[in-house]
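A.B. asks: I'd like to ask you about the structure that follows.
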Amino acid sequence: MRGSPRILVIGSPALGGAVSQALPRCRTTAAPSLLSGLWTIGHEEFEGVVVTLAGGRTALRALPSLRQVAPRARIIVACEPRGEPLAREALQAGADDYVLEPVVADELVAALALEYRSTAPAVPAESLPSIQEITALSDVLRSMGAGLQPTLERLAIFLRQVFQAQGVTVQVGEAAASAGAPGPPVLQEPLRRKDDTVGSISLGPRERTSYLASDAARLADYARLIETIITQIGEQARWQELAWRDDLSGLYNRRYFEMTLDNLISQAAMRRLQVTVVLFDIDDFKSYNDEYGHETGDALIREVAVLLRRCSRENDVVARYGGDEFGVILWDAEQPRVPGSQHPTDPMALAERFGAVTRQHSFQCLGPGAPGPVTISGGLACFPWDGKTRAEILRAADAALLAAKRSGKNHIRLADQAGTMQA
Amino acid sequence: MPDVRSAIHVRTGQRASAEAIDAWLTAQRIEIIPFDDVYAACVHLLQRYEDIPDLAFVGTDWLGSDELQIVSYIRETWPRTGVVVYGHTADAPRCDFLSQTLACRGGAALRELLAATPADVARRLREQLRPLVLTPAREAAPPWQHGERPPSPPIVVERPRDG
Numbered sequence: 432m433r434g435s436p437r438i439l440v441i442g443s444p445a446l447g448g449a450v451s452q453a454l455p456r457c458r459t460t461a462a463p464s465l466l467s468g469l470w471t472i473g474h475e476e477f478e479g480v481v482v483t484l485a486g487g488r489t490a491l492r493a494l495p496s497l498r499q500v501a502p503r504a505r506i507i508v509a510c511e512p513r514g515e516p517l518a519r520e521a522l523q524a525g526a527d528d529y530v531l532e533p534v535v536a537d538e539l540v541a542a543l544a545l546e547y548r549s550t551a552p553a554v555p556a557e558s559l560p561s562i563q564e565i566t567a568l569s570d571v572l573r574s575m576g577a578g579l580q581p582t583l584e585r586l587a588i589f590l591r592q593v594f595q596a597q598g599v600t601v602q603v604g605e606a607a608a609s610a611g612a613p614g615p616p617v618l619q620e621p622l623r624r625k626d627d628t629v630g631s632i633s634l635g636p637r638e639r640t641s642y643l644a645s646d647a648a649r650l651a652d653y654a655r656l657i658e659t660i661i662t663q664i665g666e667q668a669r670w671q672e673l674a675w676r677d678d679l680s681g682l683y684n685r686r687y688f689e690m691t692l693d694n695l696i697s698q699a700a701m702r703r704l705q706v707t708v709v710l711f712d713i714d715d716f717k718s719y720n721d722e723y724g725h726e727t728g729d730a731l732i733r734e735v736a737v738l739l740r741r742c743s744r745e746n747d748v749v750a751r752y753g754g755d756e757f758g759v760i761l762w763d764a765e766q767p768r769v770p771g772s773q774h775p776t777d778p779m780a781l782a783e784r785f786g787a788v789t790r791q792h793s794f795q796c797l798g799p800g801a802p803g804p805v806t807i808s809g810g811l812a813c814f815p816w817d818g819k820t821r822a823e824i825l826r827a828a829d830a831a832l833l834a835a836k837r838s839g840k841n842h843i844r845l846a847d848q849a850g851t852m853q854a
Numbered sequence: 003m004p005d006v007r008s009a010i011h012v013r014t015g016q017r018a019s020a021e022a023i024d025a026w027l028t029a030q031r032i033e034i035i036p037f038d039d040v041y042a043a044c045v046h047l048l049q050r051y052e053d054i055p056d057l058a059f060v061g062t063d064w065l066g067s068d069e070l071q072i073v074s075y076i077r078e079t080w081p082r083t084g085v086v087v088y089g090h091t092a093d094a095p096r097c098d099f100l101s102q103t104l105a106c107r108g109g110a111a112l113r114e115l116l117a118a119t120p121a122d123v124a125r126r127l128r129e130q131l132r133p134l135v136l137t138p139a140r141e142a143a144p145p146w147q148h149g150e151r152p153p154s155p156p157i158v159v160e161r162p163r164d165g
């Protein structure tokens, strides 16, 4: 490259500033959005492009277009560590490499394949192989947060490089991942947890030579390390699940509900799906607490939660949103059900079904002397028509719920941009 | 009557609306250059700017606010091409290009558009363009100072939201 390399940064001003600071010998230009970045790179030449993945999967859609317009530019993506699975998808979509935020000068230079190097001291040549292994293993450990399958995939790639095998398979329980062309195993090592075998590592033939006894010993060492990694992932998943659950009802909690809604909106925008949010609450719940006591009130919430779970479909997200308030996210993740199925697929029909089931249910916690049916009121809002962000949709659903409460309760209302009107 | 031979269509509105527009153009034997997202459309603007379409359609239902910029880029690339922006909540494009763009909000407005012919739509939009086109004899002053009418206000066909 002649002169100072020109780098386009597509993302937040913070990312642009960080890249600019990390690469003082480059001329950095910032673009606030994918589309404006694409437009910019179509009019000016850049040696490198840094694209943020903070906006989710939309960046994956733009990558092929960036590549078309700038075939010679080095295109890398930047993401937070938890976004690493998406960064790997970006490599499939046309990115050349990725870096994790906060960005580091050496990583940027390497990822952008810039000709100059930072002033960090060089690593002694004789220690490079083991440092590379450690660095590669660090990358694998950083992917642990993404879950078991992505970690197994990275482990398979890592082990294939370390042992120079034609193929590697790592299997834990029902999960498995392979790298290269596994074929019949030549060297195999079980993964053990105490006295139980929980999985295995299988190496296919080596590219040029045979395995030695030292390779088998090294594989056994890695097996022990990998079993520890797998156990940690399991622990993380259990703690994560606890953090997302509401203790009283067993449903997901508000934090999980809002996080999932954010993710689904992002996917829905990419795949043009409808996402529907229904917020319910139990009519006159305070009177049940006052009449029967808080313990009965809690039992009532638990029974309503069971009914909601029973009425909802596998992919629906049902959460306890607040005191006596529940939230359901309905999204079209799959084709209509089995032909002839009577299960409703229309969001409004599903929401009304919740109400009907609740009305008809005989609540054990209230006993035979209950004053009447337990009813729920609800507000329903859809992405993208009632809002394009989580906040907008929840606001619309909440307004519809309030309107339902004020106009007689015991029914579901649709949100509308001009106000609320009953369906 | 202007001859409409080709149109680009950024199919980022509701599917039913996009299909209705495609059928309307096809019935008039107008070549459609379709794009499933604004990025593919942008590549076309950058690499095929010499292929000037007579009309451009942009659906806005599935666009983020930063993606609406595509309308500006279409205008910048092809100043004389009429642009129709449609959607359930179609926002008018920015003021710079307001007078050269037709915004259809809601299904009823779209049906009203499709009741006309593409040639009619192109003519209405070009009539808005005429005052903004300078001829050599009028380069010194805005055209409307020479006795012509000022630019027509933007055509915004607005209807209540469909039930």
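Sequence lines, in order, name chains W and V. My numbering applies: residue 432 is where the first sequence begins, and numbers increase by one. My numbering applies: residue 3 is where the second sequence begins, and numbers increase by one. Just so it is clear, CB atoms sit at the ideal spot from N, CA and C, and this is done for glycine as well.
1. Going by DSSP, which residues form a beta bridge with Arg844/W?
2. Could you tell me whether any Cβ in chain W is nearer than 8 Å to the Cβ of Trp80/V?
3. If you drop the 5 nearest sequence neighbours on each side, which residues of the same chain put their C-beta closer than 6 Å to that of Ala610/W?
4. Got a sec: is the Cβ-Cβ distance from Asp39/V to anything in chain W below 8 Å?
5. Using the C-alpha atoms, what's the distance from Leu112/V back to Ala501/W?
6. 8 Å is my cut-off, CB to CB: does Cys106/V come that close to chain W?
7. Could you tell me if Gly809/W is buried or exposed, where buried requires 16 or more neighbouring beta carbons within 10 angstroms of its beta carbon?
8. For Ala20/V and Phe59/V, I'd like the C-alpha separation in whole angstroms.
9. Between which two residues does the beta strand (DSSP E) holding Gln698/W run?
10. Does the pairing of the stretch 701-711 of chain W with the stretch 638-652 of chain W give three or more beta-carbon distances under 8 Å?
11. Nearest by alpha-carbon distance to Arg685/W: which of Asp721/W, Ala526/W, Val735/W and Val748/W is it?
12. Please confirm whether any heavy atom of the ligand NAD lies closer than 7 Å to the CB of Ile661/W.
13. Name the two residues that bound the continuous beta strand (DSSP E) containing Trp762/W.
14. For Arg13/V, which residues in the same chain have their Cβ closer than 7 Å to its Cβ, ignoring the five residues on either side in sequence?
15. May I have the straight-line CA-CA distance separating Gly447/W from Ala461/W, to the nearest angstrom?
16. In the DSSP assignment, what are the bridge partners of Ile197/V?
17. Roughly how many angstroms separate the alpha carbons of Gly479/W and Tyr41/V, rounded to a whole number?
18. By the three-class DSSP mapping on this structure, what secondary structure does Leu545/W have?
19. Please list, in chain order, the chain W residues whose beta carbon lies closer than 8 Å to that of Glu52/V.
20. If we count the other Cβ atoms within 10 Å of its Cβ and call it buried at 16 or more, is Ile72/V buried or exposed?
21. Whole angstroms is fine: what's the gap from Val535/W's alpha carbon to Ala787/W's?
22. Return no unless some Cβ of chain W is closer than 8 Å to the Cβ of His11/V.
23. Could you have a look at Ser558/W and say whether DSSP puts it in helix, strand or coil?
24. Following the continuous beta strand (DSSP E) through Arg458/W, name the residue where it begins and the one where it ends.
25. Which runs of the alpha helix (DSSP H) spanning at least 4 residues fall entirely within the stretch 433-498 of chain W, listed in chain order?
26. Would you decide whether Trp26/V is buried or exposed? Buried here means 16 or more other CB atoms lie within 10 Å of its CB.
27. Taking the straight line between their C-alpha atoms, what separation do you get for Gln791/W and Leu517/W?
28. Over what stretch of residues does the alpha helix (DSSP H) that includes Arg585/W continue unbroken?
29. Measure the alpha-carbon distance for Tyr88/V versus His474/W and round it to whole angstroms.
30. Return helix, strand or coil for Gln602/W, following the three-state DSSP convention.
31. Relative to the C-alpha of Tyr752/W, which residue among Asn746/W, Leu692/W and Asp527/W is closest?
32. Just verifying my parser: in three-state terms, what is the DSSP assignment at Ile682/W?
33. Could you list the residues in the stretch 673-690 of chain W with a C-beta less than 9 Å from some C-beta on chain V, going in chain order?
34. Please go through the same chain and pick out, in chain order, the residues whose beta-carbon is closer than 7 Å to the beta-carbon of Tyr75/V, but skip the five residues on each side of it.
35. Going by CA-CA distance only, name the one from Gln698/W, Glu658/W and Arg488/W that's closest to Glu620/W.
36. Considering only DSSP beta bridges, list what Ala58/V is partnered with.
C.D. replies: Judging by the given coordinates:
1. Per DSSP, the beta-bridge partners of Arg844/W are Gly810/W.
2. Cβ-Cβ to chain W under 8 Å: no for Trp80/V.
3. Cβ within range, chain order: Ala587, Ile588, Arg591 and Val599.
4. Yes, Asp39/V lies at the interface with chain W (some Cβ there is under 8 Å from its Cβ).
5. The C-alpha of Ala501/W lies about 37 Å from the C-alpha of Leu112/V.
6. The Cβ of Cys106/V sits no closer than 8 Å to any Cβ of chain W.
7. Classification for Gly809/W: buried.
8. Spanning the two alpha carbons is a distance of roughly 9 Å.
9. Per DSSP, Gln698/W belongs to no beta strand (DSSP E); it is in the alpha helix (DSSP H), Arg685 to Arg702.
10. The stretch 701-711 of chain W, when compared against the stretch 638-652 of chain W, does not touch it at the 8 Å Cβ threshold.
11. The candidate whose alpha carbon is nearest that of Arg685/W is Val748/W.
12. Ligands in the displayed structure: none, and consequently the ligand NAD is not present.
13. Its beta strand (DSSP E) spans residues Glu756 to Trp762.
14. So the qualifying residues of the chain are Ala20, Pro36, Phe37, Asp38 and Gly61.
15. In a straight line, the C-alpha of Gly447/W is about 6 Å away from that of Ala461/W.
16. Since the first and last residues shown for chain V are 3 and 165, residue 197/V lies out of range.
17. Going by C-alpha positions, Gly479/W is about 19 Å away from Tyr41/V.
18. Correct three-state label for Leu545/W: coil.
19. Chain W residues near Glu52/V: none, gap ~14 Å exceeds 8 Å.
20. Burial state of Ile72/V is buried, judged by a 10 Å Cβ sphere holding 16 or more other Cβ atoms.
21. So the two alpha carbons sit approximately 57 Å from each other.
22. Closer than 8 Å: no.
23. Any reading at Ser558/W needs caution, since the residue's pLDDT is 31, under 50, leaving its predicted position unreliable; the model's value is listed next. Three-state DSSP puts Ser558/W in a helix.
24. Counted as a single uninterrupted DSSP element, the beta strand (DSSP E) harbouring Arg458/W occupies residues Arg458 to Ala462.
25. As far as the stretch 433-498 of chain W is concerned, its whole alpha helix (DSSP H) runs of at least 4 residues are 444-453 and 465-474.
26. Its Cβ being crowded by 16 or more others within 10 Å, Trp26/V is buried.
27. C-alpha of Gln791/W to C-alpha of Leu517/W: approximately 45 Å in a straight line.
28. Taken as a continuous stretch (DSSP letters only), the alpha helix (DSSP H) holding Arg585/W covers Leu579 to Phe594.
29. Distance between Tyr88/V and His474/W, taken at the CA atoms: about 28 Å.
30. In this structure, DSSP gives Gln602/W an extended state, which the three-state scheme calls strand.
31. When only C-alpha atoms are compared, the closest one is Leu692/W.
32. The amino acid at residue 682/W is misidentified as Ile; the sequence shows Leu. Taken through DSSP and simplified to helix, strand or coil, Leu682/W comes out as coil.
33. Listed in sequence order: no entries.
34. Contacts found: Cys44 and Leu47.
35. Considering only alpha carbons, the answer is Glu658/W.
36. For Ala58/V, the beta-bridge partners assigned by DSSP are Ile10/V and Val85/V.
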